[in-house]
Amino acid sequence: MKIALVHLRHAYSGGVELYLNQMARYLAERGEDVTIICRSHDKEPPHPNVKFVRLKGISFGKTHRLWKFAKAVENHVKHSNYDLVYGLAHAWSHDVLRIGAGTSYHMSRSLDKPMRLKDRVNHLIESKAMASGAYQHVICNSNKSALEIQEAHGVPKDKITVIHNFVDTARFDAERVATQSEQIKQLHSLNDNKPIFLFLGTGYERKGLKQALTALSKLDFDAQLLIVGRETHESEYVQFAKQLKVYEQCLFLGSESRPELYFSLADCYLLPTLYEPFGFTVIEALSCGTPAITTENCGAKEVLNPNVSTVIGADVNPDELARAMAYWANKKKTTDVSKRCRSLALTMDMENVLEKNYQQLLQVYQMKRNTQRR
1 MKIALVHLRH AYSGGVELYL NQMARYLAER GEDVTIICRS HDKEPPHPNV KFVRLKGISF
61 GKTHRLWKFA KAVENHVKHS NYDLVYGLAH AWSHDVLRIG AGTSYHMSRS LDKPMRLKDR
121 VNHLIESKAM ASGAYQHVIC NSNKSALEIQ EAHGVPKDKI TVIHNFVDTA RFDAERVATQ
181 SEQIKQLHSL NDNKPIFLFL GTGYERKGLK QALTALSKLD FDAQLLIVGR ETHESEYVQF
241 AKQLKVYEQC LFLGSESRPE LYFSLADCYL LPTLYEPFGF TVIEALSCGT PAITTENCGA
301 KEVLNPNVST VIGADVNPDE LARAMAYWAN KKKTTDVSKR CRSLALTMDM ENVLEKNYQQ
361 LLQVYQMKRN TQRR
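What the sequence shown shows, in the UniProt record's numbering, is residues 1 to 374, in sequence order.
Right, dumping it as structure tokens:
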């Protein structure tokens with residue numbers, strides 16, 4: 001089967017990009033002819049047999065680039081002979097569409113901000129992508145996302161399959177990286193007698209760093225907060241931490257290509273997000289044996305339970321977050337929570353979940369062939 005996967009950007013960071021690479025790799029290993037259609041890509045494909053088709057036309061700014069890419073994909077697919085086109089975002093020409101990053105409408109609403117021009121263009125692309133007749137089937141990474149596309153774009157329920165995200169349990173394994181994690185502790189002079197909380201991600205506003213810092217300021221015990229990720233306005237959060245008088249308890253560490261080291265050394269992972277269609281990082285933390293705190297706004301709540309996590313309210317109240325932090329502060333050292341976290345993560349192992357996705361694609365391919373025969 002000749003399969004094309006469509007996404008604006010091929011890279012080795014980001015949740016959708018993680019799925020893109022692993023799905024392409026898995027399909028190639030099953031003997032499928034795999035092409036990634038993108039505007040930009042990393043030097044190395046996720047598998048030696050995966051090909052790139054790069055559609056990079058002239059554009060003026062990020063917003064225009066989105067529209068130009070979608071149009072270029074439409075033209076390319078029209079003049080190609082793919083058996084199945086699997087869209088991951090940024091286009092409307094596909095047989096199967098995966099919703100991994102939510103919708104522009106719900107993203108803007110979660111931040112209580114008007115839609116920017118870029119958001120409006122994304123919404124228009126999404127509307128075309130999910131218009132009746134534009135697809136055979138839609139795969140969502142959470143029930144949350146499934147409800148959102150029904151609300152925002154009228155996608156029929158019987159056209160949707162929910163397959164939760166996977167976790168690479170071989171990579172995210174605390175035992176495997178124990179030595180390196182200990183070296184990180186020593187490098188940053190982390191105190192084992194004080195709970196270590198971790199905030200990790202890109203986009204600090206949406207993922208709730210201010211709420212995490214405020215909750216840290218409310219704790220009645222000494223704790224440390226590691227902040228890992230990329231943020232254009234990091235200085236704003238540094239200043240906010242100083243205003244709260246918790247800056248000395250924080251380490252702003254920037255981007256990091258080895259998140260498994262930080263998940264493993266932390267006592268608790270924080271994702272007090274305002275909007276998260278799923279949240280790979282939650283199950284990555286669990287896979288490393290670390291309990292997590294997230295919110296009702298996070299799709300990953302659908303796979304969690306109180307034995308390994310706390311899910312606080314959608315308003316992300318810092319007092320509620322602080323109470324959850326106090327609850328989990330020492331559980332990793334004093335209970336068997338790490339074992340429970342790891343056991344849950346193993347039920348979402350990457351190869352098993354990718355096989356579910358593959359089987360769904362095969363079903364859609366067969367459905368497409370049956371339609372063409374009529």
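Ideal placement from N, C-alpha and C gives every residue a C-beta, glycine not left out.
Since Gly299 and Cys341 should fall inside the 8 Å C-beta cutoff, what is the C-beta to C-beta distance between them, to a whole number of angstroms? Rounded, the Cβ-Cβ distance is 18 Å, inconsistent with contact.
DSSP state of His106, grouped into three classes? Judged by DSSP in its simplified three-state form, His106 adopts helix.
Gly87 and Ala72 look like a contact to me (Cβ under 8 Å); what is the Cβ gap, rounded to whole Å? Contact between Gly87 and Ala72 is ruled out by a C-beta separation of about 13 Å, above the 8 Å threshold.
Within its chain, find whatever has a CB closer than 8 Å to the CB of Gln360; leave out the 5 residues flanking it on each side and keep chain order. Counting only Cβ-Cβ distances below 8 Å, and skipping sequence neighbours, we find Val96, His137, Ile139, Thr161, Ile163.
Label Glu17 either buried or exposed according to how many other C-beta atoms from any shown protein chain fall within 10 Å of its C-beta, with 16 as the threshold for buried. Glu17 counts as buried, since at least 16 other C-beta atoms from the protein chains shown sit within 10 angstroms of its C-beta.
Could you work out which residue in Met350, His79, Glu29, Gly279 is closest to Lys301 when comparing CA atoms only? Comparing Cα-Cα distances from Lys301 to each of Met350, His79, Glu29, Gly279, the minimum goes to Gly279.
Checking 8 Å against the spacing of the C-beta atoms, do Glu74 and Ser93 come in under that value? A distance below 8 Å separates the beta carbons of Glu74 and Ser93.
Ser189: buried (16+ other C-beta within 10 angstroms of its C-beta) or exposed? Flag for Ser189 reads exposed.
If you run the structure through DSSP and keep just helix, strand and coil, what is Glu276? Note: Glu276 maps to strand in three-state DSSP.
Taking Arg340 as part of the beta strand (DSSP E), name the residues at either end of that continuous run. Premise fails: Arg340 lies in the alpha helix (DSSP H), 337 to 346, not in any beta strand (DSSP E).
Segment contact, 8 Å Cβ cut-off, at least three pairs: the segment 168 to 181 with the segment 313 to 327: In short, these stretches do not touch, since the Cβ pair count stays below three.
Extent of the continuous beta strand (DSSP E) run through Ile139: For Ile139, the uninterrupted beta strand (DSSP E) segment begins and ends at 137 to 140.
Of all the options Met367, Val6, Gly14, Met23, which has the alpha carbon lying nearest to the alpha carbon of Cys38? Cα-wise, what sits closest to Cys38 is Val6.
Between which two residues does the alpha helix (DSSP H) containing Leu265 stretch? 259 to 265 is the extent of the alpha helix (DSSP H) around Leu265.
If I follow the unbroken beta strand (DSSP E) through Gln243, where does it start and stop? Here Gln243 belongs to no beta strand (DSSP E); instead the alpha helix (DSSP H) covers 234 to 243.
Buried or exposed: Leu187, going by 16 or more other Cβ atoms within 10 Å of its Cβ? When all chains shown are included, Leu187 counts as exposed.
Sorted by chain position, which residues of the same chain lie with C-beta nearer than 7 Å to Gln211's C-beta, five sequence neighbours on each side aside? Its chain contains Pro272, Val316, Pro318, Leu321 as the residues whose beta carbon lies nearer than 7 Å to that of Gln211, once the 5 sequence neighbours on both sides are disregarded; these appear in chain order.
Of all the options Met23, Asp42, Ser40, which has the alpha carbon lying nearest to the alpha carbon of Val34? Here the closest residue by C-alpha is Met23.
Does Thr161 come out as helix, strand or coil in the three-state DSSP assignment? In this structure, Thr161 counts as strand in the three-state DSSP scheme.
In three-state DSSP terms, what is Tyr12? When DSSP states are grouped into helix, strand and coil, Tyr12 belongs to the coil group.
C-beta atoms of Ser309 and Ala329 nearer than 8 Å: No, these two residues do not count as a Cβ contact at 8 Å.
Is it buried or exposed for Asn357, if we count other Cβ within 10 angstroms and need 16 for buried? Burial check for Asn357: the Cβ neighbour count within 10 Å reaches 16 or more, so the residue is buried.
Output yes or no for whether 8 Å exceeds the beta carbon distance between Asp267 and Phe221. Taking 8 Å as the cut-off, the Cβ atoms of Asp267 and Phe221 do not count as close.
Tell me, please, which residues DSSP counts as bridged to Gln224. Assignment of beta-bridge partners to Gln224 by DSSP yields Ile196.
Does the distance from the C-beta atom of Leu55 to that of Ile125 stay below 8 Å? No.
Can you tell me the Cβ-Cβ gap for Thr202 and Glu231, rounded? I've got them flagged as a contact below 8 Å. At roughly 7 Å, the Cβ-Cβ gap stays under 8 Å, so Thr202 and Glu231 are in contact.
Exposure label - Glu351; buried when at least 16 CB within 10 Å: The residue is exposed, with fewer than 16 neighbouring Cβ atoms inside 10 Å.
Let's see if you can read the secondary structure: which residues bound the alpha helix (DSSP H) around Leu321? Note, Leu321: alpha helix (DSSP H), 318 to 328.
CA-CA distance, Gln224 and Glu205? So the two alpha carbons sit approximately 20 Å from each other.
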